[in-house]
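Have a look at the structure below, then the notes.
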Amino acid sequence: MENKKILEKLKKSCSYSSHISLPSKIDFYLNNNELNLVMSEECVVENMQENNAAFEGWCVTLIRWLKEDINKVILKWSEPDNLDNQHYQRFLYRVKNFNNMYSWFEIENHQYLNHLKLKFNSKNNYYINVPGEREIEENNNKLDNEKNVESVLAAAGINTETKDILKKENLSFQLPVGVFNKKPIKDENRIFPGGKSAIDLFGVESDTTYIFELKVNSKMIGILTQIYFYSMIVKAIQKNNLKPAEKNDSIEKIRATDKLSAYMIADEFHPLIDNKVLDIMNEGIEEIEFKALNFILNKFSLSYFDR
């Protein structure tokens, strides 16, 4: 394990903050310009936004900040006893998609992907739950949690001072991202975890679906992992690989699009996230555009992230 050495390099390289730490349960090794990430079985069943699970976030940020030292990232992990664990199944899906996106990313134990239950082909049907109705709540001027900020954004639309991104009439709340292998939608048919897992805000204009992942008072690297995963779910809906459990206008509008703009919105971002990280993210898939916005709490306004 070379976590301490790599952390020292990061702190020297990153000019935004020295208050950086690496996840305690991922082992990092750097040898001959190859960075190895070794994840324990505990990591692969954690919630994906947690530091010990968010391998995508660590991959793109380390590639960005240690570019002189790294030209390849290799992922290895230990399997849990329960291969049907919903977090593990989602982990496998994330690994498979990330591997398809970047030539600099490799998987050491590629055979483990055979345990992924979600296999898109003409023989299988997979379903997602549909978003429910939610009224925009009156703003109480306390922008100290994500729900209140969501309501403010939904009431005004997603706009900066220089650009209108998505009109308020086209915005919806909470697109579920739990995946099921058959109907009816109930726990025994679930492949990926659900519950509160959902895309915060989403909508459609013209040929593009827009999704927005929101963080308030939470400078976590996991926002990168979340936006990657949510983007893959929306692409699967667009390609009709994931079907709505019941007829739903919002899902039908997504299925009619072929482009995706995926936004992260936060009052503060993790110090390892900057514009060059976004550039690396955008090298992945042509039909997806990753962007970031700052939410300025005391001004009730959005601006494009610029660091």
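Using our numbering, you'd call the opening residue of the sequence shown number 24 and step up by one each time. Think of the CB as a built atom: it goes at the ideal place given N, C-alpha and C, for glycine as much as any other residue.
**Asked** Would you report the Cα separation of residue 199 and residue 154, rounded to the nearest angstrom?
**Response** Counted from its first residue, the sequence shown places residue 199 at position 176. Counted from its first residue, the sequence shown places residue 154 at position 131. Approximately 6 Å between the Cα atoms of the pair.
**Asked** What residue range is occupied by the uninterrupted alpha helix (DSSP H) comprising residue 115?
**Response** For the purposes of this step, residue 115 is taken as residue 92 along the sequence shown, with counting starting at 1. Looking at the DSSP string, the run of the alpha helix (DSSP H) that includes residue 115 is 109–124.
**Asked** Is the beta carbon of residue 109 sitting closer than 8 Å to the one on residue 216?
**Response** Within the sequence shown, residue 109 is the residue found at index 86, counting from 1. Within the sequence shown, residue 216 is the residue found at index 193, counting from 1. Yes, these two residues count as a Cβ contact at 8 Å.
**Asked** Looking at the structure shown, is residue 195 part of a helix, part of a strand, or coil, going by DSSP?
**Response** Position 172 of the sequence shown, counted from the first residue, corresponds to residue 195. Residue 195: strand per DSSP, three-state reduction.
**Asked** If you pair each beta-carbon of the stretch 98–114 with each one of the stretch 126–133, do three or more pairs fall below 8 Å?
**Response** yes
**Asked** Near residue 291, what residues of its chain come up, given a Cβ to Cβ distance below 7 Å and the 5 sequence neighbours on each side ignored?
**Response** Taking the first residue of the sequence shown as 1, we reach residue 291 at position 268. Within the same chain, residue 291 has close Cβ partners 242.
**Backbone secondary structure at residue 70 - three-state DSSP** = Position 47 of the sequence shown, counted from the start, is the residue given in the question as residue 70. Residue state, collapsed to three classes: coil.
**Candidates 239, 261, 274, of which the one nearest residue 319 by Cα** = Here residue 319 is taken as the residue at index 296 of the sequence shown, counted from 1. When only C-alpha atoms are compared, the closest one is 239.
**Asked** Taking the beta strand (DSSP E) that residue 190 falls in, what are its first and last residues?
**Response** What you label residue 190 is simply residue 167 of the sequence shown in a count that begins at 1. Note, residue 190: premise wrong, no beta strand (DSSP E); not H, not E.
**Inter-residue spacing [alpha-carbon to alpha-carbon] between residue 124 and residue 66** = Taking the first residue of the sequence shown as 1, we reach residue 124 at position 101. Taking the first residue of the sequence shown as 1, we reach residue 66 at position 43. Residue 124 and residue 66: Cα-Cα distance of roughly 22 Å.
**Three CB pairs or more closer than 8 Å across the stretch 173–181 and the stretch 204–215** = no
**Request:** Note down the Cα distance separating residue 114 from residue 252, rounded to an integer number of angstroms.
**Result:** Position 91 of the sequence shown, counted from the first residue, corresponds to residue 114. Position 229 of the sequence shown, counted from the first residue, corresponds to residue 252. So the two alpha carbons sit approximately 9 Å from each other.
**Message:** Within the continuous alpha helix (DSSP H) that includes residue 88, where are the two ends?
**Reply:** What you label residue 88 is simply residue 65 of the sequence shown in a count that begins at 1. Start and end: 78–88.
**Option nearest residue 184 by Cα separation, candidates 152, 280, 326, 296** = Sequence index remark: in the sequence shown, residue 184 carries index 161 (1-based). Of 152, 280, 326, 296, the residue nearest in Cα terms is 326.
**Asked** Of the residues 56, 228, 79, which one's Cα is nearest the Cα of residue 280?
**Response** The residue labelled residue 280 in the question sits at position 257 within the sequence shown. The option with the nearest alpha carbon to residue 280 is 228.
**Prompt:** According to DSSP, is residue 253 helix, strand or coil?
**Reply:** Start at 1 with the first residue of the sequence shown, and residue 253 comes out as number 230. Correct three-state label for residue 253: helix.
**Request:** Output the boundary residues of the beta strand (DSSP E) element that contains residue 326.
**Result:** As a first step, residue 326 must be located in the sequence shown, where it is residue number 303. Per DSSP, residue 326 is one residue of the beta strand (DSSP E) stretching across 324–327.
**Prompt:** Is it true that the stretch 291–308 meets the stretch 79–92, where meeting means three or more beta-carbon pairs spaced less than 8 Å apart?
**Reply:** yes
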